[in-house]
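This report concerns only the one structure given below.
2 protein chains.
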Amino acid sequence: MSDHGSPSCSLCLFRHVCRDAPTADMSPNAQKPLQPAQVAVPAGNVLFRQGRPVSAVFPLRQGSAKQVYESPLGWRQVTGFSLSGDILGLEPNEAPAHSVSAIALQDTECCVVAIEALRTHMADPAFRDSVLAVMRHQAERERILLVAVGSMKAAQRLAMLLLDLDTEHRRRGGADGPLTLAMPRADIASLLGLTLETVSRLLSRFASVGLISVRQRRLRLVDRDGLAAVYADLEPMPRQAPATTAARAGTGDEPRPF
Amino acid sequence: MSDHGSPSCSLCLFRHVCRDAPTADMSPNAQKPLQPAQVAVPAGNVLFRQGRPVSAVFPLRQGSAKQVYESPLGWRQVTGFSLSGDILGLEPNEAPAHSVSAIALQDTECCVVAIEALRTHMADPAFRDSVLAVMRHQAERERILLVAVGSMKAAQRLAMLLLDLDTEHRRRGGADGPLTLAMPRADIASLLGLTLETVSRLLSRFASVGLISVRQRRLRLVDRDGLAAVYADLEPMPRQAPATTAARAGTGDEPRPF
DNA sequence: CGCGATATTGAACGACTTCAAGTCGAGTGG
DNA sequence: CCACTCGACTTGAAGTCGTTCAATATCGCG
Numbered sequence: 001m002s003d004h005g006s007p008s009c010s011l012c013l014f015r016h017v018c019r020d021a022p023t024a025d026m027s028p029n030a031q032k033p034l035q036p037a038q039v040a041v042p043a044g045n046v047l048f049r050q051g052r053p054v055s056a057v058f059p060l061r062q063g064s065a066k067q068v069y070e071s072p073l074g075w076r077q078v079t080g081f082s083l084s085g086d087i088l089g090l091e092p093n094e095a096p097a098h099s100v101s102a103i104a105l106q107d108t109e110c111c112v113v114a115i116e117a118l119r120t121h122m123a124d125p126a127f128r129d130s131v132l133a134v135m136r137h138q139a140e141r142e143r144i145l146l147v148a149v150g151s152m153k154a155a156q157r158l159a160m161l162l163l164d165l166d167t168e169h170r171r172r173g174g175a176d177g178p179l180t181l182a183m184p185r186a187d188i189a190s191l192l193g194l195t196l197e198t199v200s201r202l203l204s205r206f207a208s209v210g211l212i213s214v215r216q217r218r219l220r221l222v223d224r225d226g227l228a229a230v231y232a233d234l235e236p237m238p239r240q241a242p243a244t245t246a247a248r249a250g251t252g253d254e255p256r257p258f
Numbered sequence: 001m002s003d004h005g006s007p008s009c010s011l012c013l014f015r016h017v018c019r020d021a022p023t024a025d026m027s028p029n030a031q032k033p034l035q036p037a038q039v040a041v042p043a044g045n046v047l048f049r050q051g052r053p054v055s056a057v058f059p060l061r062q063g064s065a066k067q068v069y070e071s072p073l074g075w076r077q078v079t080g081f082s083l084s085g086d087i088l089g090l091e092p093n094e095a096p097a098h099s100v101s102a103i104a105l106q107d108t109e110c111c112v113v114a115i116e117a118l119r120t121h122m123a124d125p126a127f128r129d130s131v132l133a134v135m136r137h138q139a140e141r142e143r144i145l146l147v148a149v150g151s152m153k154a155a156q157r158l159a160m161l162l163l164d165l166d167t168e169h170r171r172r173g174g175a176d177g178p179l180t181l182a183m184p185r186a187d188i189a190s191l192l193g194l195t196l197e198t199v200s201r202l203l204s205r206f207a208s209v210g211l212i213s214v215r216q217r218r219l220r221l222v223d224r225d226g227l228a229a230v231y232a233d234l235e236p237m238p239r240q241a242p243a244t245t246a247a248r249a250g251t252g253d254e255p256r257p258f
């Protein structure tokens, strides 16, 4: 096991081209491995800034980050969160400049892959396809977010986010454990097009009806199906907590959140 | 002048590769021209459907269309309008399937460019760059829309759309003439994350304070700077029409709408 | 321990929605 | 040519959801 092995590496899009001979993959168009540098980014620091030239992309090893978009008129909005294993700074359509800024939510470590190295490896069709697939997936996410912000109620949007965070957390091996909200309420609110007070109230309401348990940034999903029902708007979310303790039957068609 | 010349052709992204020897462009990697087929699409008809394979792209010659996205849970939202001269169906990241549906807002004519032909021409770096630039521009638009829907007031959003429609109309040679809203109120509302009643009321309010004049789908921008001020939220938009007839001084920094 | 940042909670307000009539305009058939 | 009709649009009144403003509460950290 190399000294660069990290839990997040196993999910990294670049894992197959990162080090030498990872699997039995001595195909003809094998390239020299990326051998990326690594950097530590303290909480609150900028990984890259919107509008600046793309010089590298940043696979996240540890920590998390938010993407922030600033519109021409100066309106700022969080457009997404990234967790370890994600690649930050990938720009679709060969954009020469970053379309958003990325800011570490906590002390973070990431790799630094020079953009030329990435471009070289894009010559490999399989690799190229996987990178493009990730970009497409991101675009789809943004569109889902647009619909959510444009036409869903606050509770639905928040339920969507919680389910998504949970899904990602589990995909990283988080089992059923409690997850940590790395981002402040204000960032959640910005992403969802709400105020931080609304987010706070909603979290409390979710907790009071037994969907989650939450204290500050410590969160646990208690009733995933219930959250999914809120997301799908089957459950209009009672304004005040009723004494509902009835076990919820799974809806069966669990929607893919986010 | 060829029989295919149309006012919209002069703005078309493909104009230089559409017919033979358009300018003195006998460069080495000149390709054979696209020579696209043309089709008529009656109002309300689908140009292509979300999720279906991309077989062609569709430069709009006449008319207009809306893009509609349907989320995995079945929520539908208009994500944009296209006017003559735009290319419909261009998918970023080499997506094999359309990410939205396109529906004609009026009786429409468009060219049909097979995707293979397009890909062939993408070998030309200059052409490729211009196509990618258009895709980037579209992505930027969607992001601006996200911010608008996520954090601006209804009046701001509508002002933004009107300014954008006007800008596009003028870019097509519409001078100062009145423009026609090809889309029903419901589609505007969907795009902006509002209800059609709100859109209607807002249009009436804009008219009553002298920013525009509207009757049904006939629209004229009377005070562009005023609209820009509403967009930028400098002007909180009075709830009831005051008898304000004071001429407005241009704000100077006219923001680029959308 | 005490301070500042972050989060929770309450109360009042306001923006937008919802529901419900109308009105306008274009197309159709008498 | 006019009446009819249907869809799109407008307008009003009431209600809801989310915001705003303000007052605690809690956590992390020196």
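Quick mapping for you: the protein sequence lines, in order, are chains A and B.
Just so you know, the UniProt record's numbering puts 17 at position 17 of the first sequence, and the rest follows in order with no gaps.
Just so you know, the UniProt record's numbering puts 215 at position 215 of the second sequence, and the rest follows in order with no gaps.
Backbone N, C-alpha and C fix where the C-beta goes; we use that ideal spot for every residue, glycine too.
Item                                                                                                                                                                                 : Value
Quick one: list the residues of chain B neighbouring Gln77 (chain A), beta-carbon separation under 9 Å, in chain order.                                                              : Arg143, Leu146, Val147, Gly150 and Ser151
Using the three-state DSSP reduction, which class does Glu235 (chain B) fall into: helix, strand or coil?                                                                            : coil
Any idea if Arg136 (chain A) is buried or exposed, counting beta-carbon neighbours within 10 angstroms, 16 or more meaning buried?                                                   : buried
Once DSSP output is grouped into helix, strand and coil, what is the label at Arg128 (chain A)?                                                                                      : helix
Run the CB neighbour count on Val17 (chain B), radius 10 Å, all protein chains shown included, and call it buried at 16 or more, exposed below.                                      : buried
Can you check whether the CB of Gly150 (chain B) is closer than 8 Å to the CB of Gly44 (chain A)?                                                                                    : no
Show which residues of chain A have a CB atom less than 7 Å away from the CB atom of Ala95 (chain B).                                                                                : Arg136
Buried or exposed: Arg217 (chain A), going by 16 or more other Cβ atoms within 10 Å of its Cβ?                                                                                       : exposed
If the cut-off is 7 Å on Cβ atoms, which residues from the stretch 186-213 of chain B count as contacting chain A, listed in chain order?                                            : Gly193
Determine the extent of the beta strand (DSSP E) in which Gln62 (chain B) is found, giving its start and end residues.                                                               : Ala56 to Gln62
Would you decide whether Thr79 (chain A) is buried or exposed? Buried here means 16 or more other CB atoms lie within 10 Å of its CB.                                                : buried
Considering only residues of the same chain and omitting the five flanking positions on each side of Ala40 (chain A), which have a CB-CB separation below 8 Å?                       : Asp107, Thr108 and Glu109
Ser82 (chain B) touches chain A at which residues, Cβ-Cβ below 9 Å?                                                                                                                  : Residues of chain A passing the Cβ test: none, with the nearest at roughly 17 Å.
How about Thr244 (chain B): is its C-beta nearer than 8 Å to some C-beta of chain A?                                                                                                 : Residue placement at Thr244 (chain B) is flagged as unreliable, the pLDDT there being 44, under the threshold of 50; a coordinate-derived value is accordingly withheld.
From the DSSP output, which residues share a beta bridge with Pro53 (chain A)?                                                                                                       : A:Ala97
Could you tell me whether any Cβ in chain A is nearer than 8 Å to the Cβ of Ala139 (chain B)?                                                                                        : yes
Are the stretch 210-230 of chain B and the stretch 146-165 of chain B touching, with three or more C-beta to C-beta distances below 8 Å?                                             : yes
Which residues in chain A sit within 7 Å of Leu132 (chain B), going by Cβ to Cβ distance?                                                                                            : Asn93 and Glu94
Ordered along the chain, which non-local residues of its own chain (more than five positions away) have a Cβ less than 6 Å from that of Asp3 (chain A)?                              : At Asp3 (chain A) the pLDDT is 49, less than 50, meaning the model places this residue with poor confidence; the figure from the coordinates comes in the next sentence. Closer than 6 Å at the Cβ level, and outside the excluded window around Asp3 (chain A), lies no residue.
Counting only C-beta atoms, is Ser101 (chain A) closer than 8 Å to chain B at any point?                                                                                             : no
For Val39 (chain B), which of helix, strand or coil comes out of DSSP?                                                                                                               : strand
How about Leu73 (chain B): is its C-beta nearer than 8 Å to some C-beta of chain A?                                                                                                  : yes
Drop a sphere of 10 angstroms on the beta-carbon of Asp86 (chain B), count the other beta-carbons inside from all chains shown, and report buried for 16 or more, exposed for fewer. : buried
Do we get a CB-CB distance below 8 Å when we pair Ala43 (chain B) with the residues of chain A?                                                                                      : no
Pull up the distance between the alpha-carbon of Ala249 (chain A) and that of Arg172 (chain A), whole angstroms please.                                                              : With a pLDDT of only 45 at Ala249 (chain A), under 50, the local geometry of the prediction cannot be trusted, and the value read off the model is given with reservation. Near 27 Å, if we compare the C-alpha coordinates of Arg172 (chain A) and Ala249 (chain A).
Of all Cβ atoms in chain A, is any one closer than 8 Å to the Cβ of Ala232 (chain B)?                                                                                                : yes
What distance in whole Å lies between the Cβ atoms of Cys111 (chain B) and Pro33 (chain B), which are believed to be in contact at a cut-off of 8 Å?                                 : About 12 Å; that fails the 8 Å criterion.
Take every Cβ of the stretch 114-128 of chain A, pair it with every Cβ of the stretch 116-132 of chain B, and state whether three or more of those distances are shorter than 8 Å.   : no
Could you tell me which of B:Asp176, B:Asp129 and B:Ser71 sits nearest to Pro92 (chain B), measuring between CA atoms?                                                               : B:Asp129
Excluding sequence positions up to five away, which residues of its chain have a Cβ less than 6 Å from the Cβ of Arg119 (chain B)?                                                   : none
Just the Cα atoms here: how many angstroms apart are Thr167 (chain A) and Asp176 (chain B)?                                                                                          : 52 Å
Under DSSP, the alpha helix (DSSP H) around Cys18 (chain B) begins and ends at which residues?                                                                                       : Arg15 to Cys18
What would DSSP say about Gly150 (chain A), mapped onto helix, strand or coil?                                                                                                       : helix
Exposed or buried, which one is Gln67 (chain A) when buried takes at least 16 other CB atoms within 10 Å?                                                                            : buried
If we ignore side chains and look at the alpha-carbon of each, how far apart do Ser101 (chain B) and Val57 (chain B) end up?                                                         : 12 Å
Going by beta carbon distance, what residues of the same chain come within less than 7 Å of Met183 (chain B), once the five residues before and after it are set aside?              : Lys66, Phe81 and Leu105
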